[in-house]
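Residue numbers (our numbering): 1403 to 1510. The C-beta atom is built at its ideal place from N, Cα and C for all residues, glycine as well. Note that the structure is a prediction, hence the values are computed from the model and not measured.
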Amino acid sequence: ENVQDSLAKMEMNHALEGGTLVERLEKTLAELRTLQSSVKGDIQKAEEVLAEKKRVLEVVEDRMRRLNRELLQAQVAEQIEGKKKTPGIIVGDGRVGHALKEMGVAED
1403 ENVQDSLAKM EMNHALEGGT LVERLEKTLA ELRTLQSSVK GDIQKAEEVL AEKKRVLEVV
1463 EDRMRRLNRE LLQAQVAEQI EGKKKTPGII VGDGRVGHAL KEMGVAED
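So, in structure tokens, the structure goes:
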């Protein structure tokens, strides 16, 4: 129930009841204190639930980061597996290097 609706009903009921103005105001004040306590309790429960949901979110996001890393590693490994591997020689720009360049395939 909406808090404003509750307040309106409370004030209407007190206006219809008998008693002095002071008695009605004291009763209204006591009911408002009860309502205040109830709302504070609801807020505390909601904050606890929110804190737990934040912890769960952190765990989920951490797991997502780890899975993303694993996925990238698996994709790289899969790409490497599909490639033909051949031995290679790294040579300088000297006499042997020029000779190997002329004898070799340009794509090597």
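Just to confirm, is the Cβ distance from residue i to residue j under 9 Å?
i, j, result
"Val1405", "Val1461", "no"
Residue range of the alpha helix (DSSP H) that residue i falls in?
i, result
"Asp1495", "Unbroken run through Asp1495: none, as it is neither H nor E."
"Lys1411", "Val1405 to Leu1418"
"Lys1447", "Leu1423 to Glu1483"
If we ignore side chains and look at the alpha-carbon of each, how far apart do residue i and residue j end up?
i, j, result
"Leu1469", "Glu1450", "29 Å"
"Gln1481", "Arg1471", "15 Å"
"Met1529", "Arg1465", "Shown here, the chain extends from 1403 to 1510; a query on residue 1529 therefore has no answer."
"Lys1487", "Arg1467", "31 Å"
"Gly1496", "Lys1503", "11 Å"
"Leu1423", "Ser1439", "24 Å"
"Leu1474", "Lys1485", "17 Å"
Query raised in the report: Is the number of C-beta pairs between the region 1444 to 1462 and the region 1410 to 1420 that are closer than 8 Å three or more?
Result: no
Query raised in the report: Between the region 1426 to 1438 and the region 1405 to 1414, do at least 3 Cβ pairs fall closer than 8 Å?
Result: yes
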